[in-house]
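Participant: Those letters in the sequence shown? Residues 1 to 120, per UniProt numbering, in order. Note that beta-carbon positions come from the ideal geometry of N, C-alpha and C, so glycine has one too. Keep in mind that this is a model prediction, so the values were computed, not measured.
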Amino acid sequence: MSALKRLFDWKVRGIRWVEIFGILCVAAMLLSVYLTKAAAARQSNRIAELEREIDQSSMRVRMLRAEVARLESPARLEALSLQAGLAPIGQPPVVEAPVAEEPPVDDEAVEPAPVEEGAQ
Numbered sequence: 001m002s003a004l005k006r007l008f009d010w011k012v013r014g015i016r017w018v019e020i021f022g023i024l025c026v027a028a029m030l031l032s033v034y035l036t037k038a039a040a041a042r043q044s045n046r047i048a049e050l051e052r053e054i055d056q057s058s059m060r061v062r063m064l065r066a067e068v069a070r071l072e073s074p075a076r077l078e079a080l081s082l083q084a085g086l087a088p089i090g091q092p093p094v095v096e097a098p099v100a101e102e103p104p105v106d107d108e109a110v111e112p113a114p115v116e117e118g119a120q
């Protein structure tokens, strides 16, 4: 027990070494708390930044989905296909032929000329 008492009573420049050890432990704890809080603040800032990016990305996704819905709307596609002259699969393409004017019909019917048998 006297060795333990002598150890606790040992002084360095008038200060017991136990007090020096205690002050060093408190300083180490303060430093570790400071470093931990600083790391937590950095992580908190990074989390906030990622949440902002997620919000922006989700807004962009919603805008893109709306754009896709507009581009894929059946009425729009039908109008574009008609402009391009396309038809649905399985149906013949719709080709608009120019309308030819019919020659005027005479009131008198013209009979065809008889065909001779020897002319074949």
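From the DSSP output, in three-state form, read off VAL99 for me.
Facilitator: The answer is coil: DSSP assigns VAL99 none of H, G, I, E or B.
Participant: Near ALA75, which residues of its chain fall below 7 Å by C-beta distance, leaving aside the five closest residues on each side in sequence?
Facilitator: Around ALA75: no qualifying Cβ.
Participant: Run through DSSP, which three-state label would ARG16 get?
Facilitator: In this structure, ARG16 counts as strand in the three-state DSSP scheme.
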